[in-house]
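*Asks:* This is the structure, below, for whatever I ask next.
Residue numbers (our numbering): 44 to 233.
Below, the structure is given as structure tokens:
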């Protein structure tokens, strides 16, 4: 079965047109992907504990953040660019863990933010269930770009952690005063 020459040429023209469209589409995809701006990579510095008050359990920490981005209000916690938490370990192996972690986003006017980030926790000097004394606190922070699927919890680009060992074993008098302060704080709720 032979086809007329005009009909074969028509088929070749259609195949050439399809090939040209495919090549053009591939070229456009490559061009548009390379035209997207790349954001500076977020980063974290080392965690520093500024204070731990044995009588109240208040712990203050800080760390340096670089290129902290923002997410819109109402975003899911997993979409936030900064997440931080702690795990306190007590004698005998008991522990208290912050779950879920705290999250933070800067405001759109200040994004991307670079500077020191500070936060505080209240970490009891004795385990709430067993009464065992506090041995150490592991502090953890992670940073991501932020946004859907790019948050610090599930997709960190940098993280840091440190273990802090509080020194709350002063004299017997200091221990009694600290215990009395804790009891008074519990009674009066301050």
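Glycine included, every Cβ here is placed at the ideal spot set by N, Cα and C.
What does the Cβ neighbour count give for residue 156, buried or exposed, with the cut at 16 atoms within 10 Å?
*Replies:* Buried: at least 16 other Cβ atoms inside 10 Å.
*Asks:* Since residue 95 is in the beta strand (DSSP E), which residue starts that stretch and which ends it?
*Replies:* Where residue 95 is concerned, the enclosing beta strand (DSSP E) stretches over 91–96.
*Asks:* How many whole angstroms separate the CB atoms of residue 89 and residue 205, which I take to be in contact at a CB cut-off of 8 Å?
*Replies:* Confirmed, Cβ separation roughly 7 Å.
*Asks:* Can you look up residue 103 in the DSSP assignment and give me helix, strand or coil?
*Replies:* DSSP places residue 103 in strand when its eight states are reduced to three.
*Asks:* Going by DSSP, name the residue or residues bridged to residue 143.
*Replies:* Answer by DSSP bridge pairing: none, since residue 143 is not bridged.
*Asks:* What does the alpha-carbon distance come out to for the pair residue 103 and residue 94?
*Replies:* Taking the straight line joining both Cα atoms gives about 5 Å.
*Asks:* Using the rule of at least 16 other Cβ atoms within 10 Å of the residue's Cβ for burial, across every protein chain shown, is residue 148 buried or exposed?
*Replies:* Residue 148 comes out buried.
*Asks:* Tell me the rounded alpha-carbon separation between residue 283 and residue 176.
*Replies:* Since the first and last residues shown for the chain are 44 and 233, residue 283 lies out of range.
*Asks:* Could you tell me if residue 122 is buried or exposed, where buried requires 16 or more neighbouring beta carbons within 10 angstroms of its beta carbon?
*Replies:* Label assigned to residue 122: buried.
*Asks:* Run the CB neighbour count on residue 230, radius 10 Å, all protein chains shown included, and call it buried at 16 or more, exposed below.
*Replies:* Result: exposed.
*Asks:* Straight-line CA distance for residue 114 to residue 166?
*Replies:* Going from the Cα of residue 114 to the Cα of residue 166 covers about 29 Å.
*Asks:* Give me the residue from 144, 91, 223 with the minimum Cα distance to residue 119.
*Replies:* Nearest option by C-alpha distance: 144.
*Asks:* Just to check my reading of the structure: residue 83 and residue 201 have Cβ atoms closer than 8 Å, yes? What is that Cβ distance to the nearest angstrom?
*Replies:* Actually they do not touch by this definition, with Cβ atoms about 12 Å apart.
*Asks:* What residues are listed by DSSP as bridge partners for residue 197?
*Replies:* DSSP output for residue 197 lists no bridge partner at all.
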